[in-house]
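Novice: Got a structure for you, questions after.
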Amino acid sequence: MLSYLIDIFLIGIVAALINNFVLYYFVGICPFVGVSRKISTAFGMGCAVIFVISIAALISWTITTYVLMPGAPLTQWAAGLFMTPEAAAGVDLTVLSYIVYIFAISSSVQFVEMYVRKFFPPLYKALGVYLPLITTNCAILFACLVIMSKIVGVDNPADAWDLGRGLTLAVGGGIGFTIAIVIMAGIREELDLCDVPKPFEGAAITLIVAGILALGFMGFTGVDSGLRKAMMPEPAAVTAQVQAAPEAGGGDVHN
Amino acid sequence: MADQPTAIERFVQGILPENPVYRQLLGLCPTLAVTNGLQAAITMSAAVTFVLVCANVITSLIRNLLKPHLRIVIFTLTIATFVTIADRFLAAYLYQMSKVLGPYIPLIIVNCLIICRCEVCASKQGVFTAGADAIGQSLGFCLALCSIAAVREILGTGGLFGIRVLPAAWSDWVIMVLPPGAFLTFGLLLGLVNWYSDRRSGKANRG
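From first to last, the protein sequence lines stand for chains U and C. So the first sequence is residues 395 to 649, counted in my numbering. So the second sequence is residues 1226 to 1432, counted in my numbering.
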């Protein structure tokens, strides 16, 4: 149980900080450059991403485990209706995964938008404009693909991720996206007051700042293995390490 | 359709005047992620070219059947189909390369460049124009990717295509092949392109 909790915790930390979606994997760059002019809009976008990415992870985990992966129960049952059991066991639908994921994401975004507009008008006012944009946000599809690779790609079926791990990765990734875009918006609000050379105005200076930010986030490299070492033998060391990690990161970002 | 650009205009515009990466800032995800080597950049551009040409042609063929509120879903499903084909092809014939590119091949589905071309050009114009547009934009994309990848690979590893070109005295700037190098190189090249095109248009105005 404890090792499971540590595992979940580390997956979250790795997704949010160490392998930050924006600054390490370069997914979600378009909103990162486009919607990072003001802290308030950046935060709204981040919240919308966290919301949608969790739903997408839930859907993609369920579909992958029960329908798409080789030997998935629902597919086996459906194939068993009109095939011999041996042929049914060989049915592998993973080749369809991209089409299924993108369809699941875009339709769930549509439904979420309708649902939120009907039942939570204030939330819709805050997130509404960003929701349609999110369909083409690579971060969402990327989270689905990572979850898929952890289910289909593993050799030993016992190592496949359960729903808790998948959701943690998605939420951690969403939080990492929010952190990155809010920091960026804060810097850009200050940049507006600076005298930037004309060719570099707008996107170019944003990318250079993002490069320096990515350099700062590289300071987190190795934090996960250190944490794992510290946490595995005796749980008492956990709190000390957790407090140390954000401080180290903060110092790097300022450099 | 008199006010729509012709096939040749679309083709030429895609390469430099409306370069997808430097001018429209579309499809930045692969631009930054796979440009740590020229080989990966060229494979990526080839995959994008295949998907973009096929998606544009198909969209152009079915453009009269499209319902406005469903068109984005149709675009993404068309693109996803061709991306699956490209992904399976790479996994079968270029296994090492498909390992290097990893999740960035499936991420072509949500590459805004392709959806944007389907929306702007293919859903309004004929097959021939849409095809020319796709090839022009892909060439522009390839050019941008290769320029960034060349700078990063030379500075980061001292070589091109894995063959060393700089003298051994050059101490490799490893940071250039790591994530921060992508942002820095692209930012600086973008500034350079802006500066050059500003200067050229300024000269044209004065002359």
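Ideal Cβ placement from N, Cα and C applies to all residues, glycine included. These figures come from a predicted structure and were not determined experimentally.
Can you tell me where the alpha helix (DSSP H) with C/Phe1366 in it begins and where it stops?
Specialist: By 1-based counting over the second sequence, the position of residue 1366 of chain C is 141. Here the alpha helix (DSSP H) through C/Phe1366 covers 1352-1382.
Novice: Exposed or buried, which one is U/His648 when buried takes at least 16 other CB atoms within 10 Å?
Specialist: Mapped onto the first sequence, residue 648 of chain U falls at position 254. Because U/His648 sits at a pLDDT of 41, beneath the cut-off of 50, its placement in the model cannot be relied upon, and the point is left open.
Novice: For C/Leu1415, which of helix, strand or coil comes out of DSSP?
Specialist: The residue given as residue 1415 of chain C occupies position 190 in the second sequence. Here C/Leu1415 sits in helix by DSSP.
Novice: Just the Cα atoms here: how many angstroms apart are C/Thr1274 and U/Ile534?
Specialist: Position 49 of the second sequence, counted from the first residue, corresponds to residue 1274 of chain C. Position 140 of the first sequence, counted from the first residue, corresponds to residue 534 of chain U. Cα-Cα distance, rounded: 24 Å.
Novice: Name the DSSP bridge partner or partners of C/Ile1388?
Specialist: Along the second sequence, read from residue 1 onward, the residue named residue 1388 of chain C stands at position 163. C/Leu1385, per the DSSP bridge assignment.
Novice: Counting only Cβ pairs nearer than 8 Å, list the residues of chain C close to U/Phe536.
Specialist: Stepping through the first sequence from its first residue, residue 536 of chain U is reached at position 142. Going along chain C in sequence order, the residues near U/Phe536 (Cβ under 8 Å) are Pro1328, Leu1332.
Novice: For C/Gln1229, count neighbouring C-beta atoms within 10 Å of its own C-beta (all shown protein chains included) and say buried if the count is 16 or more, exposed if not.
Specialist: Along the second sequence, read from residue 1 onward, the residue named residue 1229 of chain C stands at position 4. Exposed is the call here.
Novice: Taking only beta-carbon positions, decide if U/Gly605 is within less than 8 Å of chain C.
Specialist: If you number the first sequence from 1, residue 605 of chain U lands on position 211. Judged by the 8 Å Cβ criterion, U/Gly605 is in contact with chain C.
Novice: Grouping DSSP H, G and I as helix and E and B as strand, with all else coil, what is C/Phe1275?
Specialist: As a position in the second sequence, residue 1275 of chain C is number 50, starting the count at 1. It is helical.
Novice: Quick check: is the beta carbon of C/Val1308 nearer than 8 Å to any beta carbon in chain U?
Specialist: Mapped onto the second sequence, residue 1308 of chain C falls at position 83. Chain U, which has a Cβ nearer than 8 Å to the Cβ of C/Val1308, makes this yes.
Novice: Suppose you measure from the CA of C/Ser1363 to the CA of U/Phe514; what does that come to, to the nearest Å?
Specialist: Walking along the second sequence from the start, residue 1363 of chain C turns up at place 138. Walking along the first sequence from the start, residue 514 of chain U turns up at place 120. Going by the C-alpha atoms only, they are around 43 Å apart.
Novice: In three-state terms, what does DSSP make of C/Lys1349?
Specialist: Within the second sequence, numbered from 1, the residue matching residue 1349 of chain C stands at position 124. DSSP places C/Lys1349 in coil when its eight states are reduced to three.
Novice: Taking Cβ to Cβ, would you say U/Thr562 is nearer than 8 Å to U/Ile412?
Specialist: Walking along the first sequence from the start, residue 562 of chain U turns up at place 168. Walking along the first sequence from the start, residue 412 of chain U turns up at place 18. No; because the gap between Cβ atoms is not below 8 Å, this pair is not in contact.
Novice: Is the distance from the Cβ of U/Gly570 to the Cβ of U/Ala442 below 8 Å?
Specialist: By one-based count along the first sequence, residue 570 of chain U stands at place 176. By one-based count along the first sequence, residue 442 of chain U stands at place 48. No; because the gap between Cβ atoms is not below 8 Å, this pair is not in contact.
Novice: For a contact meaning CB atoms closer than 9 Å, what does U/Val427 contact in chain C?
Specialist: As a position in the first sequence, residue 427 of chain U is number 33, starting the count at 1. Those within 9 Å of U/Val427 in chain C are Leu1250, Leu1253.
Novice: Find out if the Cβ-Cβ distance for the pair C/Pro1405, U/Met578 is shorter than 8 Å.
Specialist: By one-based count along the second sequence, residue 1405 of chain C stands at place 180. By one-based count along the first sequence, residue 578 of chain U stands at place 184. No.
Novice: So U/Ile400 packs on U/Met542, CB below 8 Å; how close in whole Å?
Specialist: Reading the first sequence from its first residue, position 6 is the one you call residue 400 of chain U. Reading the first sequence from its first residue, position 148 is the one you call residue 542 of chain U. So it is not a contact: roughly 24 Å between Cβ atoms.
Novice: Just tell me which of C/Thr1260, C/Pro1242, C/Leu1291, C/Leu1338 has its CA closest to the CA of C/Arg1425.
Specialist: Indexing the second sequence from 1 puts residue 1425 of chain C at position 200. Selected option, being the one with the closest Cα: C/Pro1242.
Novice: Would you kindly check if the distance between the Cβ of C/Val1308 and the Cβ of C/Pro1331 is under 8 Å?
Specialist: For this step, residue 1331 of chain C is matched to residue 106 along the second sequence. For this step, residue 1308 of chain C is matched to residue 83 along the second sequence. Against a cut-off of 8 Å, the Cβ pair of C/Val1308 and C/Pro1331 comes out as a contact.
Novice: Have a look at C/Leu1433 and C/Leu1257 and give me their C-alpha separation to the nearest angstrom.
Specialist: Any answer about residue 1433 of chain C is impossible in this case: the structure gives chain C only from 1226 up to 1432.
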